[in-house]
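Contents: one structure, followed by commentary.
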Amino acid sequence: MSDVNFLKLLDVDRDAGVFRVARKSFVDNDIFQAERSQIFDRCWLYLGHTSELPKKGSFVTRPVGGRNVIFNRDVAGTVHAFLNSCPHRGATVCREPAGNAKNFTCSYHGWVFGADGKMRDLPGIESYSEGFNGGGCADLVAVPRLEQYRDFWFVCFDAEAVTLVEYLAGATEYLDLVADQSEAGMEIISGTQEYAIRANWKLLVENSIDGYHAVSTHATYFDYLKNMNGVLAQSNVVGFARDLGNGHAVVEYSAPWGRPVANWVPAWGEERKGEIDAVFDRLVAKHGDQRATRIAKNSRNLLIFPNLVIVDGMSVTLRTFYPKQPDYMEVTAWAIGPSEEKDWLRKNRLNGFLEFFGPGGFATPDDVEMLEHCQRGYANAREAAWNDLSRGMNKAEPATVDEHQIRTFWSRWHALVQQAPRVIPLHAG
Ligand code: FES
616 MSDVNFLKLL DVDRDAGVFR VARKSFVDND IFQAERSQIF DRCWLYLGHT SELPKKGSFV
676 TRPVGGRNVI FNRDVAGTVH AFLNSCPHRG ATVCREPAGN AKNFTCSYHG WVFGADGKMR
736 DLPGIESYSE GFNGGGCADL VAVPRLEQYR DFWFVCFDAE AVTLVEYLAG ATEYLDLVAD
796 QSEAGMEIIS GTQEYAIRAN WKLLVENSID GYHAVSTHAT YFDYLKNMNG VLAQSNVVGF
856 ARDLGNGHAV VEYSAPWGRP VANWVPAWGE ERKGEIDAVF DRLVAKHGDQ RATRIAKNSR
916 NLLIFPNLVI VDGMSVTLRT FYPKQPDYME VTAWAIGPSE EKDWLRKNRL NGFLEFFGPG
976 GFATPDDVEM LEHCQRGYAN AREAAWNDLS RGMNKAEPAT VDEHQIRTFW SRWHALVQQA
1036 PRVIPLHAG
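The working numbering puts the first residue of the sequence shown at 616, with every later residue one more than the last.
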């Protein structure tokens, strides 16, 4: 039985301005199981983007919430999400990461399913009763909930969950700021980043929206930018942090780097400036000056609870990560950009995707090292029981370098894991 007191995983004293998280939240297996049942089995989770299914029959397969999922478009064009487990005896039905298929054939006994999930054929069909599969028991099992917002598709394994739009709450404004970067539609750019980190998944949540670590952890990158581009140092960044509801949070800021949408920097060359200005003018005409400035020039790190991060900076990176164990996660990241983007801008975007956020880039190796250091600290220094996240606690307008956005995540996380069913001990006699 768990000896974790779930009510005491946070230590919050608003008057004193203290917000602390129990370090056992990163290492304890009972807490990890509670996260599975209360978070990954109940929250809306990012599945994929419409652009990944460009044709009838397009499919991708990927892990989501501990399940293997087929995300596909059937021959009529309808989008589906199926559990990639054969209804016969459980084998993986589709073993390819992506492709195009009118049918899926299970390799184990040869059952055949249409792209709409319906069982089409099975060897030895004459041996089955006439009414077999009348109720669909031999069809692929659809994920209980599948919904989209602005071409971003999400699934939920809780059939009773609120709608996706209700769940997303204030995060819809920030998905709009990504979607509106294109006049013709955003698209996922091929070339997925996949890597693993020997640390708890919540450390990457914190890191992804932490505006406080950049100057020290990524000093090398900012020196490089200053030397290469003659741009402002990170200390000149201005912005804010917001709680978007339901555990979602964002930091939004002006930053020294170029943005392929329409934020020109000298390193791109004077000859490109007019082209970028023209894109910005079109955005102003469509969205107004203030909103166009946010779309084109501001950067953002958005967390959609629990584990979708959109880093909208010198490129736009979508990142998800799932824990395999309390101290091990697997990360997947995609670049997304306007489908009408010019080649040189696409090249710049991909440079940004690799140069800073890539597993071999300026930022990610440094971050991974820090996260793994933290994880080792939790395992080794058990007498040090708390992490501090109090920075900016009582400020009316939290800044990007405060920890308001990280507290937003933890408050929601705590509200959910507390609901985990408790094991009631049986007493003899
Ligand atoms: Fe798929 Fe038997 S497990 S056909």
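All C-beta atoms in this analysis are idealised placements derived from N, C-alpha and C, irrespective of residue type, glycine included.
ALA1035 versus ASN620 - alpha carbon distance:
11 Å
Query raised in the report: Roughly how many angstroms separate the alpha carbons of PHE1024 and GLU886, rounded to a whole number?
Result: 44 Å
For VAL876, which residues from the same chain have a beta carbon less than 6 Å from its beta carbon, with the 5 sequence-adjacent residues on both sides left out? GLN796 and ALA911
Exercise. Quick one: complete alpha helix (DSSP H) runs, 4+ long, within the region 883 to 969?
Worked result: 888 to 902 and 904 to 911
Practice task
Determine the direct distance from the alpha carbon of ILE824 to that of ALA848, and round the result to whole angstroms.
Solution key: Confidence at ALA848 is low in this model, with a pLDDT of 47, below 50, so the placement of that residue should be treated as unreliable; the coordinate-derived value is given next. Computed Cα separation, rounded: 19 Å.
| task | Work out the CA separation of ASP754 and LYS717 for me, nearest whole Å. | result | 15 Å
The alpha helix (DSSP H) enclosing ASN644, as first and last residue numbers:
644 to 650
Problem - N-terminal and C-terminal residue of the beta strand (DSSP E) that GLY860 is part of - result: 854 to 860
Please classify ASN878: is it buried, with 16 or more other beta-carbons within 10 angstroms of its beta-carbon, or exposed? buried
Check: Would you say ARG735 touches the ligand FES, meaning its beta carbon is less than 7 Å from a heavy atom?
Finding: no
Practice item. Ignoring anything shorter than 4 residues or poking outside the region 759 to 807, list the alpha helix (DSSP H) runs there in chain order. Key: 779 to 783 and 786 to 794
Could you say which of VAL690, GLY750, GLY903 and GLY992 lies nearest to ASP942 if we only look at CA atoms? GLY992
| Should ARG704 be listed as close to the ligand FES, given that the test is whether its C-beta is under 7 Å from any heavy atom? | yes
Handout entry: Where the alpha helix (DSSP H) through ARG1027 begins and ends
Key = 1019 to 1032
Is HIS724 near the ligand FES, going by C-beta to nearest heavy atom under 7 Å? yes
Report all residues from its chain with a CB closer than 6 Å to the CB of ASN1019; omit the five preceding and five following residues, and keep chain order. The amino acid occupying residue 1019 in the given sequence is His; Asn does not appear at that position. Here the set comprises ALA856, GLY1007 and PRO1013.
Does any heavy atom of the ligand FES sit closer than 7 Å to the C-beta of CYS721? yes
Between the region 917 to 931 and the region 946 to 963, can you find at least three pairs of beta-carbon atoms closer than 8 Å? yes
*Taking 8 Å as the threshold, find out whether the region 775 to 792 comes into contact with the region 860 to 874 through three or more Cβ pairs.*
yes
Throw me the rounded Cβ distance for the LYS670 and ASN715 pair, which I believe falls under 8 Å. 6 Å
_Between PHE719, ALA730, GLY681 and GLY663, which has its C-alpha nearest VAL690's C-alpha?_
ALA730
- Are the region 744 to 751 and the region 887 to 894 touching by the rule of at least three beta carbon pairs closer than 8 Å? no
Legend entry - Among CYS771, ALA757 and ASN683, the one whose alpha carbon lies nearest that of GLN763: CYS771
How far does the alpha helix (DSSP H) with HIS695 in it reach, from first residue to last?
Note, HIS695: premise wrong, no alpha helix (DSSP H); beta strand (DSSP E) at 694 to 698.
Notebook entry, point to check: Within 10 angstroms of its Cβ, does SER850 collect 16 or more other Cβ (buried), or is it exposed?
Noted result: Low local confidence applies: a pLDDT of 49 at SER850 is under 50, so the model's placement there is unreliable, and no value is given.
Would the region 980 to 990 count as touching the region 795 to 809 if we require 3 or more Cβ pairs under 8 Å?
no
Practice item. Under 8 Å by Cβ, that's how I've got ILE1046 and LEU965 pegged, so tell me the actual separation to the nearest angstrom. Key: Outside the modelled stretch of the chain, which goes from 616 to 1044, sits residue 1046, for which no answer is possible.
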